[in-house]
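Residue numbers (this note's numbering): 3 to 386.
Glycine residues also receive a C-beta, built at the ideal position from the N, C-alpha and C atoms.
Presented below is the structure to which this report refers.
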Amino acid sequence: MLNFEFKNTTEILFGEGQSKLIAERLNSNDKILLLYGGGSIKKNGVYDDVVAALAGFEFVEFAGVEPNPTYETLSEALQVVKEQDINFILAVGGGSVIDGAKYIAAAAHYPGDGWDILVEGAEVTSALPIGAVLTLPATGSESNGNSVVTKKATQQKRAFGSPLVQPQFAVLDPTYTYSLPTRQVANGVVDAFVHVIEQYLTYPVNAPLQDRFAEGILSTLIEQGPQALSTPHDYAVRANIMWSATMALNGLIGKGVPQDWATHMIGHELTALYNLDHAQTLAIVLPALMFVKKEQKREKIMQLGRRVFALENADEEALIDATIKAVQDFFEQMGVKTRLSDYGLDSQAASEAAENLRRNDLHELGEHGDITPQVAQSILELAR
Ligand code: NZQ
Ligand code: ZN
3 MLNFEFKNTT EILFGEGQSK LIAERLNSND KILLLYGGGS IKKNGVYDDV VAALAGFEFV
63 EFAGVEPNPT YETLSEALQV VKEQDINFIL AVGGGSVIDG AKYIAAAAHY PGDGWDILVE
123 GAEVTSALPI GAVLTLPATG SESNGNSVVT KKATQQKRAF GSPLVQPQFA VLDPTYTYSL
183 PTRQVANGVV DAFVHVIEQY LTYPVNAPLQ DRFAEGILST LIEQGPQALS TPHDYAVRAN
243 IMWSATMALN GLIGKGVPQD WATHMIGHEL TALYNLDHAQ TLAIVLPALM FVKKEQKREK
303 IMQLGRRVFA LENADEEALI DATIKAVQDF FEQMGVKTRL SDYGLDSQAA SEAAENLRRN
363 DLHELGEHGD ITPQVAQSIL ELAR
C-alpha cells in the first residue's frame, strides 16, 4: 500500500428532511449567497425547503449556473459576492453548482484573476466557507475539494482542488433526486461508476480493503442503477445511489492506491469541444481505454470481471474482453451511449481532443503517465 494522509472534513446530513438542519450549521451574522442552477429547484420544492431553512438569515440569490459551469457566469456571481460582502456560499444543485461555488469561494479571496487558479496552478491560500444541498448524485463534489470549470472563450475545461473549498456540510436528501430527468439519473450512476474505476482499475498494490470498498460501490451501482430507471420514486434505491456516489469520490477509496483519471481528462476535452454531458464522455472513453491499456491493467480488469461481474471465463484474454464488454453493456443498459458516432462525432473529434490535450499541456495521463495525446487519439479512434 502507498503512504497517504486522509481527512474528510464535510459533515454529511443524510436523509429525508435533513435540510432543516442547515440553520444550526450557520452563524447568525453570516451573509449568504444562495447559488443555484437553471431553476429545477424551484419546480421540485427544494428551493422552498432551503429558503424555509434560511429563515432569519440574510441571503442573496444567484441563479443560472449552467451544467459544466463557466468562468464567464461564475465571474458574474463573484461580482455579487464582492459587492454584497458575502461570507458564506450555499450551493443548491448538482456538481456544476457545487463546483461553481468552490471556484467563487476561492476566487473571492484571490488577489488576481481566479482563472489563474485553474491554469497557472496558483495556490488557494484562503476561501469563503461553503455548504451544499445536493440534488444530483454523481460527482462527489459535495464532499471533496475538487472543482471543474469551463472557460467558454477558449474552450478549456480545467480542474483545481483545495481542502479549503471542501463543503463544511452537505445535505443528501434522496427525495430531492425524484425530479431528475432519466438522462441525469443515468449520467450520475455512470459518473460515480467511473470515479471508482479511476481509483481501482490500475495495478495491484496489495490493498485488498480499498479493492473491496471499490467493488462494493461498483456492485451497488450495477444493482441499483437500473432500478432507479425502472422505479424512479423508490426511496431506498435513491438513497443507495446517493450514498454510493458520495463514497465514490470523497477520497476514501483512492487512498494508498495508484489512480488513473485519464478517462476523465480525455472526456473533459470532449465536453469542452462539443458540449457532451460529462458522463457521456466517460461512457465513450472508458471501454476503449480499457482495451488499449489491457496489458497494463490486466490483473485488475480480470479481478473486476470475476468479482463484480461474476464472469468465469477460464481463458484470461476472453475474461478481459468479456469484462470490457460488461462495462460497456452496463453503460448502454443505463441508456448512456458509448460511441462517438452515437453523438454525431467522428475521427475529427479524436484529433481535436488530442490537440486540446496538447494545448492544455496534458501529455502524460494515466497511472503510468504514458497516455500521451497521441494515445488518447487512438483511444478515441477506437471509440468511433
Ligand atoms: O441547472 P438545474 O436547473 O439545477 O438543472 C440541472 C442540470 O440541467 C439538472 N438537475 C440537477 N438536479 C436536479 C436536476 N433536474 C431535476 N431535478 C433535480 N433534482 O441536471 C442537469 C445537470 O446538472 P449538473 O450539476 O451539471 O450535473 P452533475 O452533477 O453531473 O455535474 C457535472 C459537472 O461536475 C463536474 C463535471 O465535469 C461537470 O462539469 N465534475 C466534478 C467533479 C468534482 N467536483 O469532484 C468530478 C466529476 O468527475 C466531474 O468532472
Ligand atoms: Zn466524473
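- CA-CA distance, Leu130 to Glu318, rounds to 52 angstroms.
- It is roughly 43 angstroms from the alpha-carbon of Leu166 to the alpha-carbon of Leu313.
- By the Cβ rule, the region 289 to 303 does not count as touching the region 172 to 188, because fewer than three pairs are nearer than 8 angstroms.
- A contact is defined here as three or more CB-CB pairs under 8 angstroms, and the region 207 to 219 fails this definition with respect to the region 45 to 58.
- For Ser77 and Phe61, the gap between their C-alpha atoms comes out near 19 angstroms.
- When secondary structure is reduced to three states using DSSP, Ile255 falls in the coil class, being assigned neither helix nor strand.
- For Tyr112 against Ile119, the beta-carbon gap comes to about 6 angstroms, under 8 angstroms, which counts as contact.
- Between the region 182 to 198 and the region 226 to 233, the count of C-beta pairs closer than 8 angstroms reaches three or more; the two stretches touch.
- Taken atom to atom, the span from the alpha-carbon of Asp372 to that of Glu366 is near 5 angstroms.
- A check of alpha carbon separations from Arg160 across Ile34, Leu92, Thr325 and Ser98 identifies Ser98 as the nearest.
- Under the three-state reduction of DSSP, Ile88 is assigned to coil, being neither helix nor strand.
- The three-state secondary structure of Lys9, taken from DSSP, is coil.
- The Cβ-Cβ distance between Asn277 and Ser145 does not fall below 8 angstroms.
- With respect to the 8 angstroms criterion, Met249 and Leu364 are not classified as neighbours on the basis of their beta carbons.
- Proximity of the region 20 to 36 to the region 62 to 69 meets the contact definition, three or more beta-carbon pairs being nearer than 8 angstroms.
- Residue range Phe171 to Leu174 is occupied by the beta strand (DSSP E) that includes Ala172.
- In the DSSP assignment, Ala140 falls outside any beta strand (DSSP E) and carries neither an H nor an E.
- In the three-state reduction of the DSSP assignment, Ser42 falls in the helix class.
- Here Glu122 is exposed, its C-beta having fewer than 16 other C-beta atoms within 10 Å.
- Look at Glu63 here: in three-state DSSP terms it is strand.
- Residues of the same chain with a CB within less than 7 angstroms of the CB of Asn89, apart from the 5 flanking positions on each side, are Asp32, Lys33 and Leu130 in chain order.
- Around the beta carbon of Leu223, a 10 Å sphere encloses 16 or more other beta carbons of the protein chains shown; the residue is thus reported as buried.
- Beta-bridge pairing by DSSP links Leu291 to no other residue.
- Taking non-hydrogen atoms of the ligand ZN into account, the C-beta of Val52 is found less than 7 angstroms away from none of them.
- For Asn358, the enclosing alpha helix (DSSP H) begins and ends at Ser349 to Arg361.
- Of the other Cβ atoms in all chains shown, fewer than 16 fall within 10 Å of the Cβ of Pro210; this residue is therefore exposed.
- Here Tyr73 is buried, its C-beta having at least 16 other C-beta atoms within 10 Å.
- Collapsing the DSSP output to three states places Gln335 in a helix.
- Separation of Phe162 and Ala316 (C-alpha to C-alpha, rounded to the nearest whole angstrom) is 43 angstroms.
- Annotated as distal: Glu200 and Trp245, with beta-carbon spacing of 8 angstroms or more.
- In the three-state reduction of the DSSP assignment, Asn189 falls in the helix class.
- The nearest non-hydrogen atom of the ligand ZN is less than 7 angstroms from the C-beta of Asp193.
- Between Leu174 and Leu136, the C-beta gap is smaller than 8 angstroms, which places the two residues in contact.
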